[in-house]
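Numbering (UniProt numbering), first residue to last: 1 to 418.
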């Protein structure tokens with residue numbers, strides 16, 4: 001839909017039909033329904049743009065129509081350290097009616113302590129039905145052992161009220177030994193979070209040299225890092241007592257980023273009620289069908305090889321929207337098409353990732369990346385500009401009986417204003 005975004009990190013859907021996109025370097029921009037990218041919004045606070053830090057996630061308040069409030073997460077320099085330390089900050093603001101300025105900006109929360117590192121900020125926001133906010137926080141890389149200590153926020157997920165205070169029923173509110181904001185801990189770098197219609201929180205996180213995890217988050221649970229891990233060739237301390245195992249893990253590195261739960265039927269029954277996560281390594285989406293905390297289906301959908309998928313969201317129209325990272329980043333919409341339009345290359349198991357780990361005995365299906373998409377969406381964008389037929393994204397495996405494929409619909413639009 002749109003091109004020319006500079007390292008886009010997150011997208012939110014405005015009631016007007018426009019899109020609010022964050023760029024890691026520190027800008028928020030409006031992308032209109034025609035794919036035109038506007039100038040940076042004013043009123044955005046300074047961010048610490050270095051390494052993996054910068055302006056990261058954004059989410060609209062559940063009552064945005066009434067209050068025009070939004071939340072955003074970013075890396076903030078610690079002024080008291082002379083700029084040598086930084087922290088993960090959560091702020092709120094209101095978007096003015098003209099959609100060109102943030103007003104009433106208020107910092108709600110700082111990760112404690114600040115750290116001399118520009119890595120592993122986490123920074124995904126998910127708002128529950130009761131209005132409480134979940135915020136994922138990374139271990140900041142150099143302080144990974146701190147992820148096992150509930151006396152700080154490093155490597156944790158916090159649960160906050162909209163004013164930034166701890167939710168009153170958090171595990172450590174009336175209990176010694178932990179910070180009141182903490183909901184769960186033992187995380188490395190959670191870059192995807194979503195709340196499903198039943199109110200459950202799900203996340204994924206990057207492992208160390210592989211071992212990326214998909215987790216069902218429960219309050220008061222320890223998710224193991226760095227005592228338990230699944231990368232560097234083999235699991236370490238798997239199924240450790242008192243530590244929550246992942247629902248699924250991948251031995252090879254896919255660098256997950258962004259997480260959506262598709263409850264619409266726009267792509268047919270095979271995709272409905274599936275999770276979709278992005279891969280920065282493969283420029284792909286990974287679809288997971290989960291039943292009773294067991295992965296029943298796994299499907300790899302190539303989106304933009306040579307780049308990375310930074311975010312994926314279900315829009316108000318029930319379609320999936322994908323942000324492609326990079327200095328000339330893109331916003332893509334995945335649109336349904338029909339099974340009879342699909343032509344696929346031969347199935348080749350050698351194209352699959354070498355290993356996909358599973359902690360449960362379930363009939364998970366791994367569909368090789370190269371076998372599910374005849375061309376990248378970059379190729380499709382070029383074809384669309386030449387009047388050629390759309391390239392289908394993918395069916396599920398085994399071949400579908402209904403319309404569950406999709407195509408990306410890029411438009412020829414101006415680049416972002418500088």
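We put the beta carbon where it would ideally sit given N, CA and C, even for glycine.
| Query | Result |
| --- | --- |
| Inter-residue CB distance, residue 301 and residue 31 (contact presumed, cutoff 8 Å) | In fact, because the Cβ distance is near 23 Å, the residues do not count as touching under 8 Å. |
| Close beta carbons around residue 192, own chain, < 7 Å, minus the five adjacent residues each side | 124, 203, 204, 256, 257, 258, 259, 277 |
| Span of the beta strand (DSSP E) around residue 13 | 8–13 |
| Local Cβ density within 10 Å of residue 175, reported as buried at 16 or more and exposed below that | exposed |
| Residue 188 beta carbon less than 8 Å from that of residue 155 | yes |
| Endpoints, beta strand (DSSP E) assigned at residue 172 | Segment: none, residue 172 is in no beta strand (DSSP E) and carries neither H nor E. |
| Environment of residue 253 [buried if 16+ CB atoms lie within 10 Å] | buried |
| Of the residues 21, 308, 151, 160, the one placed nearest residue 59, counting alpha carbons only | 21 |
| Counted within 10 angstroms of its Cβ, other Cβ atoms place residue 8 as buried (16 or more) or exposed | buried |
| Check whether residue 224 and residue 186 have beta carbons under 8 Å apart | yes |
| Proximity below 8 Å, CB of residue 54 to CB of residue 109 | no |
| Same chain, Cβ closer than 7 Å to residue 199, five either side skipped, listed in chain order | 128, 129 |
| The stretch 133–144 touching the stretch 100–107, judged by at least three CB pairs closer than 8 Å | no |
| Beta-bridge partners of residue 214, as assigned by DSSP | 204, 248 |
| Paired residues, beta bridge with residue 106 - DSSP | 92 |
| contact_flag[the stretch 286–301, the stretch 318–331] where n(CB pairs < 8 Å) is 3 or more | no |
| Identity of the residue in 148, 309, 94 nearest residue 283 by Cα | 309 |
| Three-way DSSP call (helix, strand, coil) for residue 166 in this model | strand |
| Cβ shell of residue 15 (< 8 Å), same chain only, five flanking positions each side left out | 64, 65 |
| Distance, residue 281 Cα to residue 61 Cα | 31 Å |
| Residue 29, buried or exposed, once every other Cβ within 10 Å from all chains shown has been counted against 16 | buried |
| Whole-angstrom distance between residue 135 and residue 10, CA atom to CA atom | 14 Å |
| Candidates 98, 76, 194, of which the one nearest residue 50 by Cα | 76 |
| Close Cβ partners of residue 180 (< 8 Å) along its chain, the five nearest in sequence each way excluded | 166, 170, 172, 173 |
| Three-state secondary structure (DSSP) of residue 189 | coil |
| Segment limits, beta strand (DSSP E) that includes residue 141 | Residue 141 -> no beta strand (DSSP E), and no H or E assigned at all. |
| Rounded C-alpha distance that separates residue 313 from residue 320 | 6 Å |
| Which of helix, strand or coil DSSP assigns to residue 260 | strand |
| Candidates 222, 19, 2, of which the one nearest residue 316 by Cα | 19 |
| For residue 46, the three-state DSSP class (helix, strand or coil) | coil |
| Alpha carbon of residue 97 to alpha carbon of residue 37, nearest angstrom | 18 Å |
| Beta-carbon spacing of residue 251, residue 220 below 8 Å | no |
| Buried versus exposed, by CB contacts within 10 Å (16 or more), residue 266 | buried |
| Length of the line joining the Cα atoms of residue 133 and residue 126 | 6 Å |
| Cβ separation of residue 33 and residue 43, assumed to be a contact under 8 Å, to the nearest whole Å | About 23 Å; that fails the 8 Å criterion. |
| Status (buried if at least 16 other CB within 10 Å, exposed otherwise) for residue 237 | exposed |
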